[in-house]
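K.L.:
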Amino acid sequence: MESFDYIVFGGTGDLALRKLYPAFYHRLREGEFPHDARVLAISRKPLAREEFLARVEAGLKRAAQDGFEAGSFRAFAERLFHVTLDAGVPGASWDALEEMLRGRGDGIRVFYLATAPRLFQIIAENISAQGLAAPRARIVLEKPIGSSLASARAINDGVGAIFDESAIYRVDHYLGKETVQNLMALRFANSLFEPLWSAHAVDHIQITVSETVGVEGRGAYYDDVGALRDMVQNHLLQLLCLTAMEPPVDFDADCVRDEKLKVLRALRPITGDAVRAKTVRGQYRRGAAEGAAARGYAEEDDVPGDSRTETFCAIKAEIGNWRWAGVPFYLRTGKRLPVRASEIVVTFKPVMHSIFQPGAGRLEANRLVIRLQPDEGIKLDLMTKEPGLGSMRIKPATLNLSFADRFKSRTPDAYERLLMDVVRGNQTLFMRRDEVEAAWRWVEPILEAWERGDEAPAGYASGSWGPSAAVALVERDGRSWSEELP
Ligand code: BG6
2 MESFDYIVFG
12 GTGDLALRKL
22 YPAFYHRLRE
32 GEFPHDARVL
42 AISRKPLARE
52 EFLARVEAGL
62 KRAAQDGFEA
72 GSFRAFAERL
82 FHVTLDAGVP
92 GASWDALEEM
102 LRGRGDGIRV
112 FYLATAPRLF
122 QIIAENISAQ
132 GLAAPRARIV
142 LEKPIGSSLA
152 SARAINDGVG
162 AIFDESAIYR
172 VDHYLGKETV
182 QNLMALRFAN
192 SLFEPLWSAH
202 AVDHIQITVS
212 ETVGVEGRGA
222 YYDDVGALRD
232 MVQNHLLQLL
242 CLTAMEPPVD
252 FDADCVRDEK
262 LKVLRALRPI
272 TGDAVRAKTV
282 RGQYRRGAAE
292 GAAARGYAEE
302 DDVPGDSRTE
312 TFCAIKAEIG
322 NWRWAGVPFY
332 LRTGKRLPVR
342 ASEIVVTFKP
352 VMHSIFQPGA
362 GRLEANRLVI
372 RLQPDEGIKL
382 DLMTKEPGLG
392 SMRIKPATLN
402 LSFADRFKSR
412 TPDAYERLLM
422 DVVRGNQTLF
432 MRRDEVEAAW
442 RWVEPILEAW
452 ERGDEAPAGY
462 ASGSWGPSAA
472 VALVERDGRS
482 WSEELP
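Following the working numbering, the numbering of the sequence shown begins with 2 at its first residue and continues without gaps.
1. How many Å lie between R154 and L120 at the Cα?
2. By Cβ distance below 6 Å, which residues in the same chain neighbour F25 in space, the five residues on each side in sequence not counted?
3. Alpha carbon to alpha carbon, how far is R56 from A76? Give it in angstroms, no decimals.
4. Let me confirm a value: N191 is counted as buried when at least 16 other C-beta atoms fall within 10 Å, else exposed. Which label applies?
5. Tell me whether the region 5 to 14 and the region 41 to 49 touch, counting them as touching only if at least three CB pairs, one residue from each stretch, are closer than 8 Å.
6. Might you give, ordered along the chain, the residues of its own chain that have their beta carbon closer than 6 Å to the beta carbon of L48, omitting 5 neighbours on each side?
7. Confirm the yes/no value for this check: CB of S44, any heavy atom of the ligand BG6, distance under 7 Å.
8. Out of G132, D165, A138 and R171, which has the shortest C-alpha to C-alpha gap to P118?
9. In three-state terms, what does DSSP make of G104?
10. Tell me whether D382 counts as near the ligand BG6, meaning its Cβ is closer than 7 Å to at least one heavy atom of that ligand.
11. Between which two residues does the alpha helix (DSSP H) holding M384 run?
12. Can you give the beta carbon distance from F164 to A134, rounded, assuming they're within the 8 Å contact cut?
13. Identify every residue that forms a DSSP beta bridge with T348.
14. Report back the beta-carbon spacing between R368 and V347 to the nearest angstrom; my notes put them in contact at under 8 Å.
15. If you count every other CB in all the chains shown that lies within 10 Å of the CB of D253, and 16 or more means buried, which is it?
16. Nearest CA to the CA of K386: which residue from D435, W441 and K396?
17. Under three-state DSSP, which class holds F313?
18. Comparing the CB of E212 with every heavy atom of the ligand BG6, is any distance shorter than 7 Å?
19. Going by C-alpha distance, which of G92, S483 and G464 is nearest A295?
20. Please state the DSSP three-state secondary structure of G11.
21. For H83, which three-state DSSP category applies?
22. If the criterion is Cβ atoms closer than 8 Å, does the pair H236 and V276 meet it?
23. Where does the unbroken beta strand (DSSP E) through T399 begin, and where does it stop?
24. Just the Cα atoms here: how many angstroms apart are R400 and F194?
25. For the 8 Å Cβ check, are there 3 or more pairs between the region 312 to 332 and the region 448 to 468?
26. Quick one: using the 10 Å Cβ neighbour count with 16 as the cut-off for buried, is A38 buried or exposed?
27. Closer than 7 Å: is that where the CB of H236 sits relative to any heavy atom of the ligand BG6?
28. Closer than 7 Å to a non-hydrogen atom of the ligand BG6 - does that hold for the CB of S343?
29. Tell me, which residues are paired with Y331 by DSSP?
30. In or out: L18 buried (at least 16 other Cβ within 10 Å) or exposed?
31. In whole angstroms, give me the CA-to-CA distance for E166 and R286.
32. Are L150 and W441 touching if we call contact CB-CB under 8 Å?
33. Compute the beta-carbon to beta-carbon distance between P1 and A64, rounded to the nearest angstrom, for a pair I have assumed lies under 8 Å.
34. With DSSP run on the structure shown, which of helix, strand or coil describes E484?
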């Protein structure tokens, strides 16, 4: 690993404390930090070093997966610096950062913008105006990239005027998850699935990302965004792309991203009346839980009482290409649902003709369940003969591969891989400009129709599976949501 300086804007914010510093800490523990690599945390308000380190330590203790270790934290703290600077304004407040970066030679310099997207362009401009956009500098943009196609384009143009596309890393942290990468291994390192991976053999696919948490003190951010922008435009569409894309020529960043882009372009637009028929949105109401978890969305801090922001959505998506014509992809995500679980379920077509007696048992369709989190693993539902000497009886049974049992190693957090991939210069797990824009292009008519209509999102009780219309969306097609999830 080459040496680097990571400069984190939003350096005392939620993402940095919850995800970025714990990820750096783990990489340092595992020996991936060169001896002079540094992390410089930028924030506008001055902060004493002890106070800063205390916040980082508290975040680490909450996040450390296999325990917090004081010695490693001390080693990490020696590489970690807080710098006060107003990133939105060029001028003297940048002096301290310039001073710290002076004399670092041609090492890798990464500017990580863990800030609101409206600041992306201005920070990029100020980095350049201060002469810090060195030849080997890279810039990392956290999702959401804008809030619409036009705003995403403006950000991409603005940042692109300063940094070359090859130096811009757009994070969708789902791509850094081990199991999401495993999806590519499953599809392209096995010959078993590819002949079946199309409309010939697949009946439909479900992608569910369900969360038990509410908005977790992020009401002000979330109320402007909602589930479609927060989760579908990026995470769920990326999962859909990896599930549906053609085999890339190789694992090179652009080969993979070219194939994902083709899927996004092939998504059938959902516009006009189809929005009502193919999408469902909901907002959580009071549930049975105790304390703050019982609150309805509109009672959360910083959320207006008459908010129409969706905290749940379900969509029937269709991909108009030869491989997937006629195969629905049902997408579903929401907050305050009964379980935390992300799953891709591929349901295959039923056998064309049963040779067994009617009394032998019902033949159920084969299903491949890819569990992304938690309890990462892969299950395959098959039909088998029930053991015994009587007449032939057929029963479903499941082949179960649990990654925790099989590999026994710690699953690194998505950010650990992504942070280091930026240093390595590997763009495979980052979104290219055209992908982000294609995703907005598909999502935008849905958003517009929701905003134009006078219907509010349907209420659902906290702790339930969303509004009943989401069940109807799938049942209308004679199907049902995976019962794998309780
Ligand atoms: C983020 C969203 O991108 O992903 C959050 O902004 C959401 O609202 C989070 O909670 C989910 O990520 P994970 O890794 O916990 O599934």
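For glycine and all other residues, C-beta sits at the position ideal for the given N, C-alpha and C. Model, not experiment: these values are computed from the prediction.
P.N.:
Let's see:
1. 14 Å
2. V40
3. Between A76 and R56, the C-alpha separation is close to 16 Å.
4. exposed
5. Touching, yes, given that three or more Cβ pairs across the two stretches are closer than 8 Å.
6. H83
7. no
8. R171
9. coil
10. no
11. Counting along the chain, M384 falls outside any alpha helix (DSSP H), though it belongs to the beta strand (DSSP E) covering G378 to K386.
12. 7 Å
13. H205 and R368
14. 7 Å
15. exposed
16. K396
17. strand
18. yes
19. G464
20. DSSP, reduced to helix, strand and coil, places G11 outside both helices and strands of the structure shown, so it counts as coil.
21. In this structure, H83 counts as strand in the three-state DSSP scheme.
22. no
23. I395 to S403
24. The question names Arg, but residue 400 in the sequence shown is Leu. C-alpha separation (whole angstroms): 15 Å.
25. yes
26. buried
27. yes
28. yes
29. Q207 and K317
30. buried
31. 43 Å
32. yes
33. The requested residue 1 does not occur in the structure, where the chain is confined to residues 2 to 487.
34. coil
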